[in-house]
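In this note's numbering, the protein residues as written are 235 to 591. Note that beta-carbon positions come from the ideal geometry of N, C-alpha and C, so glycine has one too. One structure below.
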C-alpha cells in the first residue's frame, strides 16, 4: 500500500508538471505572438513616420519651388527695381580679367553669408564676429580696381544646374535669405560667378565634354606662374592629379584645417612676406579666403580664391557625376570626408614654406 501511495503521489506530480509545462508553452506562444504583433506595430509606426517625413520633405520642396518660381521665370533685365537681381559678367570675361589684366578674385557663398548674419552653415569655420565684420567690409564697401567680387549666380534661372543642385538652391534661397543678401550685396556692382571654380558636379552637362573645357580654361590662370597655394591642412590642392602641371613653381602656406581665421593675421603676414617670390596666390582656406584675397589685392598681390576647385577636379576625374570619397584630402562635402588618410609625399612636403597648424 505504501508503494501504491508513492506511485499515486508520483503520478500526481507528473500530471502537475505536464500541466505546468503546457502552461509555460502556452505563455511562450502568447509572448511570441505578442512580440510579433508588437514588432509589426513598430514596423508600421516606423513606416508611417518615414512616410510623414517624406511627405513633409515633399511639401517643403513644393513650397520652395513655388516660392522660387517667379525668380526663375522672370527676366532680370526687365525687373530692375522690383526684384533683387544682381548683375553678373560671364565666366569668360572673368577669366580674361584674371589672366590678361591680373585681377584678383574674392568669392562669397552661403557659408560666408551665414557668418555675416551669424548663422552657422559650415563646420570648418566657427562663427567669428571679426570675420563677419570683414565680410561685410569686403562685400558692402569700396572695392579696389584690381579685385573682382564673386557671389553665386543663383538668383534667377536655374536651368543650367542638375535637378539635385537646383532643388538645393531653391531650399536655400528663401525670402529671408534674399532679404539678407539684399542688405549686403550692392546692385551697383557687376559680379563674377562664385561657381566659376566649381565646373563639374553642379551642372546638367557634367557628362559632356563641357566640364573638361571649363577646367582647361581655369588652368590658364596659373599656367607658367609661380604659385603660392594657401590652403588648409590636409586640403592638398593638386596633389595626386595634374591640376597644376602647367604651373612654373608651387609653394605652399598651410593653415589650420578648420577655423583658419583664428590664425588669419599670421597667415596674412606670411603671404606679404612671400609676395616677391610668387606671381599668384591661390587661396583655399574656407570663408577666410575672400577676405585674404581682398587684403592681398590692396597690397598689389594677385590672389584668386579657388575654393573647392581641386575636389571638383578629383570628382571630374572619377567621372561618376557626383561627389565621391577622396581619402587623402579633406572633403567637407562628403560623409566622413573630415577623416583624412595620412599621406607621405616628399614633393608635397618640399613645397611647404610655412605652416600654422
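Assigned secondary structure, residue 439 (DSSP; H/G/I helix, E/B strand, else coil): Residue mapping note: residue 439 aligns to position 205 of the chain shown, counting from 1. Helix at residue 439.
Length at least 4, wholly inside the segment 464-532: the alpha helix (DSSP H) runs in chain order: 498-507, 522-532
Could you give the DSSP three-state label for residue 361: helix, strand or coil? The count along the chain shown starts at 1 and reaches residue 361 at position 127. Three-state result, residue 361: coil.
Cα separation between residue 235 and residue 260? By one-based count along the chain shown, residue 235 stands at place 1. By one-based count along the chain shown, residue 260 stands at place 26. Note that residue 235 scores 47 on pLDDT, short of 50, meaning its location in the model is unreliable and no value can be drawn from it.
Following the continuous alpha helix (DSSP H) through residue 593, name the residue where it begins and the one where it ends. What is shown of the chain runs 235 to 591, which leaves residue 593 out entirely.
Is the segment 328-342 touching the segment 459-466, taking contact as three or more C-beta pairs under 8 Å? no
Burial state of residue 276 (16 or more Cβ within 10 Å): What you label residue 276 is simply residue 42 of the chain shown in a count that begins at 1. By the neighbour-count criterion, in which a residue is buried when 16 or more other Cβ atoms sit within 10 angstroms of its Cβ, residue 276 is exposed.
Residue 508 versus residue 538 - alpha carbon distance: Counting from one through the chain shown, the residue named residue 508 turns up at place 274. Counting from one through the chain shown, the residue named residue 538 turns up at place 304. Cα to Cα, the separation comes out at about 16 Å.
Any chance the segment 425-438 sits against the segment 386-398, with 3 or more Cβ pairs inside 8 Å? yes
Just tell me which of 519, 505, 488 has its CA closest to the CA of residue 513. For the purposes of this step, residue 513 is identified with residue 279 of the chain shown, where counting begins at 1. Of the candidates 519, 505, 488, the one whose C-alpha sits nearest the C-alpha of residue 513 is 505.
Assuming residue 403 is part of the alpha helix (DSSP H), what are its boundary residues? Counting from one through the chain shown, the residue named residue 403 turns up at place 169. From DSSP, the alpha helix (DSSP H) with residue 403 extends over 397-406.
Taking the C-alpha atoms as reference points, what is the distance between residue 365 and residue 343? Counting from one through the chain shown, the residue named residue 365 turns up at place 131. Counting from one through the chain shown, the residue named residue 343 turns up at place 109. Looking at the two C-alpha atoms, the distance is approximately 14 Å.
Among 324, 456, 407, which one has its Cα closest to the Cα of residue 294? Taking the first residue of the chain shown as position 1, residue 294 is located at position 60. Here the closest residue by C-alpha is 407.
Cβ contact (3+ pairs, closer than 8 Å) linking the segment 316-335 and the segment 368-378: The answer is no - the segment 368-378 does not touch the segment 316-335, with fewer than three Cβ pairs under 8 Å.
Could you tell me the alpha carbon to alpha carbon distance between residue 471 and residue 405, rounded to whole angstroms? What you label residue 471 is simply residue 237 of the chain shown in a count that begins at 1. What you label residue 405 is simply residue 171 of the chain shown in a count that begins at 1. Their Cα atoms are separated by approximately 30 Å.
Please report the residue range of the beta strand (DSSP E) in which residue 547 lies. As a working note, residue 547 is residue 313 in the chain shown. Careful: residue 547 lies outside any beta strand (DSSP E), inside the alpha helix (DSSP H) at 543-552.
Specify the secondary structure class of residue 321 as computed by DSSP and reduced to three states. The residue labelled residue 321 in the question sits at position 87 within the chain shown. Strand, per DSSP.
I'd like the list of long-range same chain contacts for residue 588, defined as Cβ closer than 6 Å, with 5 residues on each side in sequence excluded. Position 354 of the chain shown, counted from the start, is the residue given in the question as residue 588. Hits under 6 Å: 487, 504.
Enclosing alpha helix (DSSP H) for residue 352 [first to last residue]: Locating residue 352 in the chain shown gives position 118, counting from the first residue. Premise fails: residue 352 is in no alpha helix (DSSP H) and is neither H nor E.
Enclosing beta strand (DSSP E) for residue 580 [first to last residue]: Within the chain shown, the letter at position 346 stands for residue 580. Residue 580 -> not in any beta strand (DSSP E); alpha helix (DSSP H) instead, spanning 580-585.
Check residue 344 in the structure and name its three-state DSSP category. Taking the chain shown and counting its residues from 1, one reaches residue 344 at position 110. Reduced to three states, the DSSP call for residue 344 is helix.
Output yes or no for whether 8 Å exceeds the beta carbon distance between residue 355 and residue 348. For the purposes of this step, residue 355 is taken as the residue at position 121 of the chain shown. For the purposes of this step, residue 348 is taken as the residue at position 114 of the chain shown. Closer than 8 Å, so yes.
Could you pull the DSSP bridge partners for residue 427 from this structure? What you label residue 427 is simply residue 193 of the chain shown in a count that begins at 1. For residue 427, which the question treats as bridged, DSSP gives the partners 385.
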